[in-house]
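A.B. asks: The structure is given below, and queries will be raised subsequently.
Numbering (my numbering), first residue to last: 3 to 520.
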């Protein structure tokens with residue numbers, strides 16, 4: 003291994019065990035971008051004992067040296083919840099690191115934390131800003147309690163000319179000086195507590211954000227209201243103070259906007275009829291369909307390229323406004339829907355489609371599948387909960403074939419109602435697929451897909467190249483049941499852990515020729 007590889011491996015050895023989001027409590031070594039099978043990297047470095055972790059990392063680094071044309075481009079480092087004892091290890095890794103994301107522990111799950119900003123994290127941030135300011139790509143921090151520490155943060159931010167984005171946890175306190183120091187950073191995520199004190203808190207920071215927006219061309223701004231899933235959005239609305247009028251006008255210039263539970267900000271924009279004609283990307287988590295419809299009336303739908311909508315609360319009404327808007331979404335490239343009912347779908351060109359828990363009839367699902375398959379540039383299709391639409395397996399297989407033909411990289415048909423017969427249909431489509439850069443098929447959470455169906459899929463996988471298949475693990479059918487199949491087809495298999503769903507699953511890949519057990 004090169005000196006750089008050994009240095010990174012040494013850091014990993016001196017750190018804590020990694021968890022399933024590739025964190026070593028302090029140090030995350032993210033090398034996924036150098037390997038086609040990103041999911042394989044994410045699980046290779048997960049919760050394993052210290053010694054196997056080091057050896058796995060060394061083996062992976064050795065492979066990277068052989069496969070990466072530019073070995074000088076080394077991994078990205080993420081620092082989450084840095085403890086004092088880990089600061090030296092994190093700093094020691096910096097010479098071998100291409101870029102660093104520094105975020106305190108609050109931003110792992112957007113949960114309240116007792117310690118806003120640890121001394122070790124602040125020391126690491128300041129030291130990195132002093133020695134390697136160009137390597138800081140993202141900073142996420144809660145406001146430190148003392149004015150002296152706030153001043154240190156501001157100095158660090160001013161030094162980092164290449165800092166691309168910043169997240170600010172302004173739940174407990176807000177120091178507008180941090181935004182003043184971040185005028186050169188053009189991507190902002192703002193976390194706030196906006197229920198009982200929305201008006202008072204708005205008057206504290208809306209003017210500061212307005213000044214930040216006016217300071218230069220903004221690439222993105224996001225507002226995240228803490229605990230928005232815990233209670234209704236009923237309560238004090240946004241004030242119509244002069245600061246807020248200027249705030250709304252400034253927001254009209256942003257090309258990308260996220261409103262996660264920030265219903266009062268949506269109400270302000272709709273109430274003031276603020277045109278958002280510069281907007282090309284919109285992500286909203288709202289309680290009421292009317293808010294989404296109101297925002298649609300403010301934007302130029304023909305310019306929207308990325309749309310992410312989540313409805314929450316008791317109202318799961320038919321989103322007729324979305325069906326009416328589809329014909330105007332002529333530039334749409336990425337669509338994410340969650341918790342909504344869907345009536346109509348029309349053709350457009352998409353790269354990414356992610357649909358979760360969408361309530362729709364069989365006819366609507368049929369139309370939506372046709373709409374998705376009409377895109378000539380699909381990269382990812384994920385549909386969770388398709389089983390409720392009663393789509394015929396033959397139709398689903400036909401759509402899968404068309405997606406593969408246009409070069410899709412990921413297909414997720416989780417909870418799609420597949421049984422052994424459906425798996426057989428999918429296997430026939432999958433057979434002899436040779437993907438240029440890698441295809442991931444996720445067929446998990448299909449409760450009626452049993453051993454026979456899994457065998458059909460694995461046999462089909464044996465005729466493919468650069469294809470990875472994810473399947474459920476059954477308590478009654480151990481993975482050893484398929485050992486002979488893996489060996490006969492030279493398939494690589496691993497047991498992986500899905501942190502979000504808290505379960506193990508089987509990953510089988512036709513990319514390599516040597517079987518590896520974990």
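Note that CB positions come from ideal geometry on N, CA and C, so glycine has one too.
None of the values given here were measured: they were computed from a predicted structure.
1. Residue 218 lies in the alpha helix (DSSP H); which residues open and close that run?
2. Residue 284 and residue 259 look like a contact to me (Cβ under 8 angstroms); what is the Cβ gap, rounded to whole Å?
3. Name the residue from 314, 213 and 180 whose alpha carbon lies nearest to the alpha carbon of residue 247.
4. Got a sec? Which residues, its chain only, sit under 6 angstroms from residue 187 by beta carbon, not counting five neighbours each side?
5. Is residue 331 closer than 8 angstroms to residue 303 when the C-beta atoms are compared?
6. Keeping to the same chain, check which residues put their C-beta closer than 6 angstroms to that of residue 364; ignore five residues upstream and five downstream.
7. Count the other CB atoms, across all protein chains shown, that sit within 10 Å of the CB of residue 482; report buried if there are 16 or more and exposed otherwise.
8. Between which two residues does the beta strand (DSSP E) holding residue 276 run?
9. Within this structure, are the beta carbons of residue 354 and residue 381 separated by less than 8 angstroms?
10. Please state whether DSSP places residue 445 in a helix, a strand or coil.
11. Hey, would you say residue 383 sits closer than 8 angstroms to residue 374, going by beta carbons?
12. Do you know how far the Cα of residue 352 is from the Cα of residue 338?
13. For residue 216, tell me which candidate among 193, 191, 395 and 181 has the shortest Cα-Cα distance.
14. In this structure, what does DSSP give as the bridge partners for residue 470?
15. Going by DSSP, what residue range makes up the beta strand (DSSP E) through residue 355?
16. Under 8 angstroms between the Cβ atoms of residue 255 and residue 210?
17. Going by DSSP in three states, residue 189 sits in which element: helix, strand or coil?
18. Give the range of the beta strand (DSSP E) segment to which residue 386 is assigned.
19. In the DSSP output, which residue or residues are listed as bridge partners for residue 330?
20. Does the Cβ-Cβ distance between residue 425 and residue 458 come in under 8 angstroms?
21. Considering just the uninterrupted stretch of the alpha helix (DSSP H) at residue 490, what are its terminal residues?
22. To the nearest angstrom, how far is the alpha carbon of residue 503 from that of residue 447?
23. Based on the DSSP secondary-structure assignment, which residues constitute the bridge partners of residue 495?
24. Tell me where the beta strand (DSSP E) around residue 171 begins and ends.
25. For residue 435, count neighbouring C-beta atoms within 10 Å of its own C-beta (all shown protein chains included) and say buried if the count is 16 or more, exposed if not.
26. Spatial neighbours of residue 507 within its chain, please: CB distance less than 7 angstroms, with the 5 preceding and 5 following residues excluded, ordered by chain position.
27. With respect to the alpha helix (DSSP H) encompassing residue 339, which residues constitute its N-terminal and C-terminal limits?
28. Measuring only the C-alpha atoms, how far is residue 222 from residue 291?
29. Assign residue 65 to buried or exposed, taking buried as 16 or more other Cβ atoms, counted over all protein chains shown, within 10 Å of its Cβ.
30. Once DSSP output is grouped into helix, strand and coil, what is the label at residue 148?
31. Would you tell me roughly how many angstroms separate the C-alpha atoms of residue 480 and residue 510, rounded to the nearest one?
32. Straight-line CA distance for residue 150 to residue 404?
33. Got a sec: is the Cβ-Cβ distance from residue 489 to anything in chain C below 8 angstroms?
34. Beta carbon of residue 162, beta carbon of residue 129: below 8 angstroms?
35. My output table needs one value for residue 454: the three-state DSSP class, helix, strand or coil.
C.D. replies: This is what the structure holds:
1. Run containing residue 218: none; DSSP gives neither H nor E here.
2. 6 angstroms
3. 213
4. 165 and 168
5. yes
6. 391 and 392
7. exposed
8. Per DSSP, residue 276 belongs to no beta strand (DSSP E) and is neither H nor E.
9. yes
10. coil
11. yes
12. 11 angstroms
13. 181
14. 442 and 511
15. 354 to 358
16. no
17. strand
18. 382 to 386
19. Beta-bridge pairing links residue 330 to no other residue.
20. yes
21. 485 to 490
22. 10 angstroms
23. 510
24. 167 to 171
25. buried
26. 446, 472, 473, 474, 475, 498 and 500
27. It is not in any alpha helix (DSSP H) - residue 339 instead sits in the beta strand (DSSP E) that spans 336 to 340.
28. 24 angstroms
29. Below a pLDDT of 50, predicted positions are generally treated as unreliable, and residue 65, at 46, falls in that range; the measurement from the model is reported next regardless. When all chains shown are included, residue 65 counts as exposed.
30. coil
31. 14 angstroms
32. 60 angstroms
33. Reference to chain C is not applicable here, since this structure consists of a single protein chain.
34. no
35. helix
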